[in-house]
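Have a look at the structure below before the remarks.
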Amino acid sequence: MMTSSNRAFLLLVKKDVIVMLHGYLAYIVALLIASVISLLMALFLFIRRTKTGAVVLAYLMLSTSVYSLGYAFELACSTLSGMLFWSKFQYLGISIIPALWIIMVIQMTGRDRWLTRPVLIAIFIIPFTTFILHLTDSYHHLYYSSVSINTNSPFPLLAFTKGPWYWVHVAFTNLSILCGNIMLLDMWRRSAPSYSRQAAIILTASLAPWAGLIIYQTGRSPWDLDLTPFTFTCTGLITAWGLFQYRLFDLIPVARDKVFDSMRDGVLVLDTSDRIVDFNPTAQLIVKKLSKKDIGRPAKEVLADYPELLKQLSVNNNEQNNLQTSQGGVSYYYNSRVTPVMNDKNKLIGKTIVLNDITQQVLLHEKLSKLATLDALTNIFNRRHFLDLSNDELCHAKQSGTSISLILMDLDHFKQINDTYGHKAGDIVITTVTAVCSNNLRVTDLFGRYGGEEFVAFLPETSSEEAFQIAERLRQNIAVTRIELDDGSITVTASFGVASADKAGDIELDELLKNADEALYEAKEAGRNCVRRRFLN
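Residue numbers for the sequence shown, in my numbering: 1300 to 1836.
Right under this line is the structure:
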């Protein structure tokens, strides 16, 4: 016969069972709600996928939704086969959550350039293997050594003995979350004070998965229930909220790597031992054969073909220098600057080499210099530059006491050529005569267009007799050269005046020009196509 104390005990047990069953049902409902929330958030993120990291976060939320949904139905099952089916369904999400997490953090911390095809393949190797081994576990028992229904709990639960690959998956999950936390902590540390709140949001959100994993792996959850789906749901919600509410990753300067990669200047980063630490794509275009294999190598090996840069590094100052390179026969010019990198304690932690492309500026300067010094038609010295250079040579001759000569040349009857054949033909005559003279003058001689059809040559260390012979050679070569025009070919002649001095003494350039001009006048009076000369001492 049941006593009153027994009845009281049974009532108490009944109440406890009812409470546990209510908690059990509430947990299943909570999982379904978490699944729906995660799914809706995934859809929302797909719609707003232009945000940095939004697409991967969407896949993470979708995986969390699958995880929560599968776990809810696993708990609702009372048969082992049903539990195993929904367990396999869960792993569509569980297996790839760590990979998606680490990819999302890499993107959100501005390290997109890490995500090359080989890296992505490496990241997904373990998740893919986990999914396959879990799916086929009944054939090899590498994931679960054994499975059964736990009858000691108030409600049926899937119980399992962990196999070797289960621990591989756990290790990979923990390592992924840890690496993500480290990168997020580094992002928070590097953020400017005004952006620290935005950085703290994502860092705080990243800590939630640890709570679920620690509670579940240490067996501290009630009835050994898995709380991890909720923690990933919370992380996703907090991250998504920060992503749109506070414009995370639009404001935080985590895009330094992106800026680094997109810079038009080439940048190489070196450590205190002058080893290559990093470089951007522009630097690869400038420095021949520069590749990722060079990271960690000494700069003196990588930059062996650029002694100017190595000299800059050895001097260890912040001065700027110019560097010229050649690619495909085309010259490029760069302004190089080596800058020390200091930490907060003003201690040297490395150097940067910045290569600024100044090719256009150099080419423009050369073009302007050419316009200022060369005759546009003949590409020889114009009158002004010729006179400047000749004065310099004359000063040198005065100091050394050497001989000097000057030849003034004028094409005969050039106006008739223009009147008969046109100005285009006249230009052809001018350029042809220029080529003939240039080919018959010495490297040390200065040659320029004096005006119209007049040319002038300054001959340093040249006696009167030598100058006369040079002028005569020019005259003869011009006379025998046939000049091809549109309407046929013609020949032209030229008259020459030579002025010479055995010693420059106190002679001025104007005096040389005046005497050469008078000699030229005599040549024209003598019938043209001849050479006349004058001596100044």
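Heads up, the beta-carbon is just placed ideally off N, CA and C, and yes, glycines get one too.
Just so you know, these numbers come straight off a predicted model, no measurement behind them.
Buried/exposed call for residue i, threshold 16 Cβ in 10 Å
i     : result
T1743 : exposed
F1876 : Since the first residue shown for the chain is 1300 and the last is 1836, residue 1876 is missing from the structure and cannot be characterised.
S1704 : buried
Y1650 : Here the sequence assigns Lys to residue 1650, which means Tyr is not the residue at that position. Buried is the call here.
N1305 : Legend: pLDDT at N1305 = 46, less than 50; position of this residue unreliable, value from coordinates given subsequently. So N1305 ends up on the exposed side.
E1783 : exposed
F1834 : exposed
A1504 : buried
H1321 : The predicted model places H1321 with a pLDDT of 49, which falls under 50 and marks its position as unreliable, so this point remains unresolved.
V1328 : exposed
W1413 : exposed
G1535 : buried
I1422 : buried
W1466 : exposed
E1752 : buried
S1561 : exposed
H1439 : exposed
DSSP bridge partner residues for residue i (one or two, in chain order)
i     : result
M1641 : L1647
D1709 : E1753, S1794
D1656 : Y1633
T1701 : Per DSSP, none; premise fails for T1701.
G1787 : L1784
F1834 : S1799
F1746 : A1756
S1625 : S1630
L1673 : F1680
V1568 : D1577, T1651
N1620 : S1635
Residue i versus residue j: straight-line alpha-carbon distance, rounded
i     : j     : result
P1759 : D1687 : 14 Å
S1493 : W1487 : Note that S1493 scores 48 on pLDDT, short of 50, meaning its location in the model is unreliable and no value can be drawn from it.
R1832 : N1776 : 19 Å
D1674 : V1830 : 25 Å
S1590 : V1418 : 17 Å
I1664 : L1622 : Sequence inspection shows His at residue 1664; the Ile mentioned does not correspond to that position. If I take the Cα positions, the gap works out to 16 Å.
L1331 : M1482 : 32 Å
G1787 : V1755 : 29 Å
I1551 : S1377 : Because I1551 sits at a pLDDT of 46, beneath the cut-off of 50, its placement in the model cannot be relied upon, and the point is left open.
N1473 : S1630 : 52 Å
P1397 : I1657 : 46 Å
Q1698 : G1804 : 9 Å
T1363 : I1514 : 18 Å
V1601 : D1593 : 7 Å
D1525 : L1608 : 59 Å
K1802 : C1694 : 12 Å
F1795 : A1818 : 7 Å
L1432 : K1387 : 10 Å
S1702 : K1813 : 17 Å
V1365 : L1502 : 25 Å
K1646 : V1469 : 41 Å
Selected residue, minimal CA-CA separation from residue i, among the options
i     : options                    : result
I1789 : L1667, D1809, A1724        : A1724
G1479 : C1694, A1798, T1435, Q1406 : Q1406
V1661 : K1813, T1415, L1536, Y1632 : Y1632
D1485 : S1362, F1559, H1440, R1410 : R1410
M1708 : S1702, R1683, F1746        : F1746
L1441 : T1428, I1448, S1334, R1563 : T1428
G1462 : A1421, Y1443, K1610        : Y1443
R1537 : T1408, S1337, S1763        : At residue 1537 the sequence reads Ile, which differs from the Arg that was named. Of the listed residues, the one whose Cα sits closest to I1537 is S1337.
L1391 : E1764, A1815, Y1370, G1381 : Y1370
P1508 : R1596, I1448, I1393        : I1393
N1836 : E1824, I1806, G1826        : I1806
Q1626 : D1570, L1584, T1408        : L1584
V1791 : I1729, S1572, A1815        : I1729
S1334 : F1529, A1470, I1401        : F1529
Extent of the continuous beta strand (DSSP E) to which residue i belongs
i     : result
L1758 : 1753-1759
V1355 : Run containing V1355: none in the beta strand (DSSP E); it sits in the alpha helix (DSSP H), 1353-1375.
D1577 : 1575-1578
S1444 : 1443-1449
A1458 : 1456-1461
Alpha helix (DSSP H) segment containing residue i, residue limits
i     : result
N1776 : 1763-1779
F1680 : No alpha helix (DSSP H) contains F1680, which DSSP labels as neither H nor E.
I1393 : 1379-1393
K1599 : 1598-1601
K1591 : Per DSSP, K1591 belongs to no alpha helix (DSSP H) and is neither H nor E.
N1738 : 1722-1739
H1433 : 1416-1434
Y1820 : 1808-1824
V1586 : Here V1586 belongs to no alpha helix (DSSP H), and DSSP marks it neither H nor E.
M1562 : Neither: M1562 is in no alpha helix (DSSP H) and is coded neither H nor E.
L1400 : Note on residue identity: the sequence assigns Trp, not Leu, to residue 1400. Note, W1400: alpha helix (DSSP H), 1396-1407.
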